Amino acid sequence: MIERADSNLPLSSAALHVLLALAGEDLHGYGIMQEIARQSEGIYKLGPGTLYDNLRKLIQDGWVQELGARRGDDDPRRRYYRLTDAGRDILRAETARLTQVVREARLRLRVPNPRRV
Amino acid sequence: MLKHLYRCAVRLHPASFRRRFGDEMLYVFDQQKGTLAALGVMLDCVVSLFRQWALRPRNSIELSVAPLPTPTAGHIPSFETLDTFRPRTSALINGAILALILFCMTVIAIRYSWIHVLNLHIREIGTDWGQQTGQQTPAEIHPSRSVSLQLDSYVGEYISKSPPGKIMIRIEGDHLALAFPGHASLPLSPVSPNRFIIDGIASNYADFTADRWGRICCLSVVINGNGIAAQR
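Below, the structure is given as structure tokens:
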């Protein structure tokens, strides 16, 4: 599954953050925005236009499932979204790729040992 | 005010996007606290508007699933859709406007082109030409309606300043005629698109001049050596 997911990598920042936000629980659009802001400590903020453009693509790709509105919710306009198994696999693959990138970066940026005289 | 603008911006999104996410986008806007946050969402909406129309043209179409071919007798499908692509509504409107503009330009070009002026079948309008050659007369070759329409371009009232007066050009039967007020009309026989002989006398003639749009605007009459210039 990972091998098949590799063809879709790397993910865009927005797609990665949306998948990551949905990895914990089902969320509605505004909840996803808040979760992304929380995970990035306020550094990365997604607007609704960007969010729903990415959500549509993720839904089309089958990585996110739209659940619709929940009964008894505060606002009937809110629709909830869920990460699918395929989306989870993609997220795993992207995380593995990023881990490799971080490992490589650490190796390259390591300060060389001072030369012993 | 800002919410009203935001609502308008959301409504300007492609229909499929608006139907699916429009309410949620309005909900997100309602959750913003403070003008600055609302402005940020508004800006994002404007960018989204551009993105949806310019960068996601195919997304504005809700592609319908192609119907399966219906088997009929002999297992020959009666209908089959090969492609589900449909052009956007905006593209159809743009195409219609462009086609209309091209049509108008073509009509104007035909109306005012110099080819139109030279396309007068002058020799065929003559009364005795067909009889002399033993061939068909112009009326037999071309419908009379077509001929009269071409002659119409010469017809009118021409004003002369020196000497002051009027010269009338009109159609009489199947030919043009020149008339001064209070005098009998004189028949005109064409020798070229611009020159007509008056009353069958070669030394008496009328020259017509067309403007740059091909419309007859000036008339120069020479009768018995005396010239008169007139304008329409």
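Going down the list, the sequences are from chains A and B.
Residue numbers for the first sequence follow the numbering used here, beginning at 1 and rising by one.
Residue numbers for the second sequence follow the numbering used here, beginning at 1001 and rising by one.
All C-beta atoms, glycine included, are put in the ideal place defined by N, C-alpha and C.
No experiment lies behind these values; they were computed from the predicted model shown.
- For the stretch 59-92 of chain A, residues whose beta-carbon sits nearer than 7 Å to a beta-carbon of chain B comprise Asp75, Arg77, Arg78, Arg79.
- The C-beta of B/Cys1008 comes no closer than 8 Å to any C-beta of chain A.
- Looking at the DSSP output, B/Ile1228 shares a beta bridge with B/Val1221.
- Residues of chain A whose Cβ lies closer than 9 Å to the Cβ of B/Arg1051 are, in chain order, Gly49, Thr50, Asp53.
- At a cut-off of 8 Å between beta carbons, B/Leu1036 makes no contact with chain A.
- In summary, A/Arg82 is exposed, with fewer than 16 beta-carbon neighbours lying within 10 Å of its beta-carbon over all protein chains present.
- Beta-bridge annotation (DSSP): B/Met1168 is paired with B/Glu1157, B/Ala1179.
- For B/Val1047, the chain A residues whose C-beta falls within less than 7 Å of its own C-beta are Gly49, listed in chain order.
- Residue range 64-68 is occupied by the beta strand (DSSP E) that includes A/Gly68.
- Rounded to the nearest angstrom, the gap between the Cα atoms of B/Leu1092 and A/Leu109 is 56 Å.
- For A/Gly29, the residues of chain B that pass the 9 Å Cβ criterion are Phe1021, Glu1024, Met1025, Tyr1027, Val1028, in the order they occur in the chain.
- Under the 10 Å beta carbon count, A/Glu35 is surrounded by 16 or more other beta carbons and is classified as buried.
- For B/Leu1102, the enclosing alpha helix (DSSP H) covers residues 1089-1112.
- A/Ala14 places its beta carbon 8 Å or farther from that of A/Gln39.
- Contact between A/Asp75 and B/Tyr1006 does not hold, since the beta-carbon distance rounds to 17 Å and is not under 8 Å.
- For B/Val1191, the closest C-alpha among the options B/Pro1181, B/Ser1185, B/Asp1207, B/Ala1179 is that of B/Asp1207.
- Pairing A/Tyr44 with B/Glu1024 gives a Cβ-Cβ distance that is not under 8 Å.
- DSSP places B/Ser1189 in the strand class (E or B) of the three-state scheme.
- When 7 Å is used as the limit between beta carbons, B/Asp1044 is near these residues of chain A: Gly47, Pro48, Gly49, Thr50, in chain order.
- Shown here for A/Gly62: same chain residues with a beta carbon closer than 7 Å to its own, the five before and five after excluded, namely Thr84, Ala86 in chain order.
- As for any alpha helix (DSSP H) of minimum length 4 sitting wholly inside the stretch 1023-1061 of chain B, the runs are 1035-1050, ordered along the chain.
- Residues of chain A with a Cβ closer than 9 Å to the Cβ of B/Gly1214 do not exist; the shortest Cβ-Cβ separation is about 55 Å.
- Under a criterion of Cβ atoms nearer than 7 Å, no residue of chain A is adjacent to B/Val1107; the nearest Cβ is some 44 Å distant.
- What B/Gly1095 touches in chain A, judged by beta-carbon distance under 8 Å, is nothing: the nearest beta carbon there is about 27 Å away.
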